[in-house]
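**Q** Everything in the sequence shown is counted per the numbering used here, starting at 2 for the first residue and increasing by one. Shown below is the structure under consideration.
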Amino acid sequence: MAQFKLDQKNNYYLSIDSRSYFFERFNEIPLAGSRRAGLQLSIFQSMVETEPTSLSLCVADGVVVLCPPDCTERSVSVFGTGIYASVSSVCGAAIHRGVLGPSGGPVRVHKMQGRHNYMSSYSHGIQSQALSRWSASFNLTSRWSHLSRSSVGTTALPAAAKPDCQMDIAMVIDSSNNIGKRRFRLQKTFVAKLAAMLRVGSTGPHIGLIQASDSPRTEFLLTNYTQPKELLFAIKELAYLGGDTNTGKAIMHTVETFFSQENGGRRGHPRVMMVLIDGWPSDDLERAAILARDSGINIFLVSVAKPVPEELAMVRDKDFVKKAVCKDNGFFSYLIPSWFSTTKHVKPLTQKLCSLDSLLCSKTCYNSVNIGFLIDGSSSVGEGNFQLVLEFLAGITRSFDISDVGSHVGAVQFTYDQKLEFGLFEHTNKEDSINALRRISYMSGGTATGAAITYTTQNLFRRKGPGRNFLILVTDGQSYDDVRGPAMAAQKQGITMYSVGVAWAPLDDLKAMASEPKDSHTFFTREFTGLAEFITALVRGICRDFTENN
2 MAQFKLDQKN NYYLSIDSRS YFFERFNEIP LAGSRRAGLQ LSIFQSMVET
52 EPTSLSLCVA DGVVVLCPPD CTERSVSVFG TGIYASVSSV CGAAIHRGVL
102 GPSGGPVRVH KMQGRHNYMS SYSHGIQSQA LSRWSASFNL TSRWSHLSRS
152 SVGTTALPAA AKPDCQMDIA MVIDSSNNIG KRRFRLQKTF VAKLAAMLRV
202 GSTGPHIGLI QASDSPRTEF LLTNYTQPKE LLFAIKELAY LGGDTNTGKA
252 IMHTVETFFS QENGGRRGHP RVMMVLIDGW PSDDLERAAI LARDSGINIF
302 LVSVAKPVPE ELAMVRDKDF VKKAVCKDNG FFSYLIPSWF STTKHVKPLT
352 QKLCSLDSLL CSKTCYNSVN IGFLIDGSSS VGEGNFQLVL EFLAGITRSF
402 DISDVGSHVG AVQFTYDQKL EFGLFEHTNK EDSINALRRI SYMSGGTATG
452 AAITYTTQNL FRRKGPGRNF LILVTDGQSY DDVRGPAMAA QKQGITMYSV
502 GVAWAPLDDL KAMASEPKDS HTFFTREFTG LAEFITALVR GICRDFTENN
């Protein structure tokens, strides 16, 4: 029996047959296909006997050990009466039970559930064999008397992605001759760790995968696997393709086909493409990357083992990283020195992928704005014309991507009084928002536009967001109160105002209420039937304002 214990200084000890082994950190994490927790630790022998207290955990049928997240190519080993533990150089770990004497001898190997990639490791004169040859014994060539505490630190397993990490992620992996079969397996392990930390699910991220080779191959779509265990198994079963590193071709394929609604793309959810390249691509990335940016897709380029100086002559475009990423600001490119040291990069890369506020390429005006409609319901408008106003506003709404994580619309009707018809976050899809507009009942009454602007500022735009809040005012006449003061106050709160006047609406008042430049934020028509002609210009104006402010 093995026991894990905690002393008063928060050090943990592995106690076996009354002997203590010191280690730095302890974390419980679930093992795939297992009902019990795995134990993640880095083990060292303690030279000082201590009296362990507090926490105690018994593990039946052998000790289960996982590699620490920041393990390097060094190996650390512990052995003593009844157990030998090895942490291999490729971040695999295995437990070997039995007595190891000076002459070696047979040992019984305890296979850990959920791990299938143990490689051979050599440490302190002991050679362990690969998983496929676990029936053999070890050879002990020299007796080891003391293992000092390692200088290599460990970190706790990073927390999984935030539950609000709601995005659609296409993973484009390298399956070319450049990476080879061995590094391809390491790449799959790295991708699996990323996927496990992201925690796919109906309310979280969705993940699909494409292999880059001579021709791209979609392995699974965003909605094929909605449970983490299924996704990890699908990654494990990926077959190596070989061929050229045509990453540009794979990016183009992904942009054109992968994020469609038919293939599981969700409206309003940020679109992310994480591209893994071993070394450098065989083709050009720039054209495909431009199309991705124009499509609102955030490309993260993860390059592993960048070209050494003597290889640079073979690189087609030395600036391929800058040209490929969503924005050349350092956030969207990530360099990993070697496939043998990827584990410590899982957490920071996951954090980048889930940084919704930094996903600049998905922040288009169509899916990132809050639009308020301030509708004149005075007696001079009339029932028939009021319906034309509502259809005009429905046409504007139709141009935007309305969703819980995308754009929002809300409406206020005014006469002398004001009425909040529906709030910005009340309807989370386009159809419901348009239906809500069409259900608005005509009020009839006087015209107090200034008071209506103040009411809307206080009751509709309660959430602030620079460059995101827009107010479209539609009126057909003279206001009975001051409009300049309330309009200036609204603009100081970050609301961009568009004035749309019909019939007898004074042009001076319309321009006074509109944001700068006045001419591009002011619209006027003699007839209500002319409102529809403004839809395209208004949408373009909102997009222009959004782009300039973001």
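Virtual Cβ for every residue (Gly too), placed ideally from N, Cα, C. Note that this is a predicted model, so its numbers are computed, not measured.
Measure the Cβ-Cβ separation of I473 and Y443 and say whether it is below 8 Å.
**A** no
**Q** Indicate the three-state DSSP secondary structure (helix, strand or coil) for D482 in the structure shown.
**A** coil
**Q** Can you list, in chain order, the residues of its chain whose CB lies under 6 Å from that of H254, leaving out five sequence neighbours each side?
**A** P217
**Q** With 16 other CB atoms within 10 Å as the buried threshold, where does I337 fall?
**A** Buried is the call here.
**Q** What three-state label does DSSP hand M498 in the structure shown?
**A** strand
**Q** Just list the beta strand (DSSP E) runs in the stretch 345-417, keeping only unbroken ones of 3 residues or longer that don't cross its boundaries, in chain order.
**A** Segments of the beta strand (DSSP E) lying fully in the stretch 345-417: 371-377 and 409-415.
**Q** State whether the stretch 412-424 contacts the stretch 531-542, with contact taken as three or more CB pairs (one from each stretch) at a distance under 8 Å.
**A** no
**Q** Excluding the 5 residues flanking A513 on each side, which residues of the same chain have their C-beta closer than 7 Å to its C-beta?
**A** V484, R485 and A488
**Q** Quick check on K420: does DSSP put it in helix, strand or coil?
**A** Three-state result, K420: strand.
**Q** Can you give the Cα-Cα distance for R545 and I372, rounded to whole angstroms?
**A** Between R545 and I372, the C-alpha separation is close to 14 Å.
**Q** Whole-angstrom Cβ separation of P282 and F332, contact assumed at under 8 Å?
**A** Contact flag wrong, Cβ pair sits at about 21 Å.
**Q** Using 8 Å as the cut-off, can you tell me whether the stretch 340-351 makes contact with the stretch 191-200, which would need three or more C-beta pairs spanning the two stretches below that distance?
**A** Yes: the two stretches touch, three or more of their Cβ pairs being nearer than 8 Å.
**Q** Roughly how many angstroms separate the alpha carbons of V501 and D509, rounded to a whole number?
**A** 12 Å
**Q** Going by C-alpha to C-alpha distance, which of S304, G451, G531 and A490 sits closest to A504?
**A** G531
**Q** Which residue marks the beginning of the beta strand (DSSP E) containing N299, and which one marks its end?
**A** I298 to V305
**Q** Rounded to the nearest angstrom, what separates L375 and I454 at their Cα positions?
**A** Distance between the alpha carbons of L375 and I454 is about 8 Å.
**Q** Which residue from D285, I236 and K237 puts its Cα closest to that of A251?
**A** D285
**Q** DSSP three-state call for Y335: helix, strand or coil?
**A** In this structure, Y335 counts as strand in the three-state DSSP scheme.
**Q** Excluding the 5 residues flanking E384 on each side, which residues of the same chain have their C-beta closer than 6 Å to its C-beta?
**A** Y443
**Q** Do G249 and A289 have their C-beta atoms within less than 8 Å of each other?
**A** Result yes, Cβ atoms of G249 and A289 sit closer than 8 Å.
**Q** Could you tell me which residues DSSP pairs with D279 in its beta bridges?
**A** Answer is V305, bridged to D279.
**Q** Compare the C-alpha of H207 against each of Q459, I543, C355 and E549 and name the closest.
**A** C355
**Q** Keeping to the same chain, check which residues put their C-beta closer than 7 Å to that of S304; ignore five residues upstream and five downstream.
**A** I278, V322 and L336
**Q** In whole angstroms, what separates the C-alpha of A171 from that of R541?
**A** 30 Å
**Q** Helix, strand or coil: how does DSSP classify R268 here?
**A** coil
**Q** If you follow the alpha helix (DSSP H) that H254 is in, where does it begin and where does it stop?
**A** T248 to H254 is the span of the alpha helix (DSSP H), which, as asked, contains H254.
**Q** Leaving out the 5 sequence neighbours to the left and right, which residues in its chain are closer than 7 Å to G244 when beta-carbon positions are compared?
**A** If the five residues before and after G244 are omitted, its C-beta is found closer than 7 Å to the C-beta atoms of S177, N178, S214 and D215, all from its own chain and listed in chain order.
**Q** Do you know whose CA, among D477, D482 and R469, lies nearest Q492's CA?
**A** R469
**Q** Who are the near neighbours of L421 in its chain, counting only those whose CB is closer than 6 Å to its CB and skipping five residues on each side?
**A** V413 and N460
**Q** Helix, strand or coil for R463? Go by DSSP, reduced to three states.
**A** coil
**Q** What did DSSP end up calling I236 once you bin it into helix, strand or coil?
**A** helix
**Q** On the three-state DSSP scale, how would you describe C503?
**A** In the sequence as displayed, the identity of residue 503 is Val instead of Cys. DSSP, read as helix, strand or coil, puts V503 in strand.
**Q** For Y481, does the count of other Cβ atoms within 10 angstroms reach 16, so buried, or fall short, so exposed?
**A** exposed
**Q** From D295 to E257, what distance separates their C-alpha atoms?
**A** So the alpha carbons of these two residues sit roughly 12 Å apart.
**Q** My output table needs one value for T190: the three-state DSSP class, helix, strand or coil.
**A** helix
**Q** Of the residues V382, R463 and R183, which one's Cα is nearest the Cα of F529?
**A** V382
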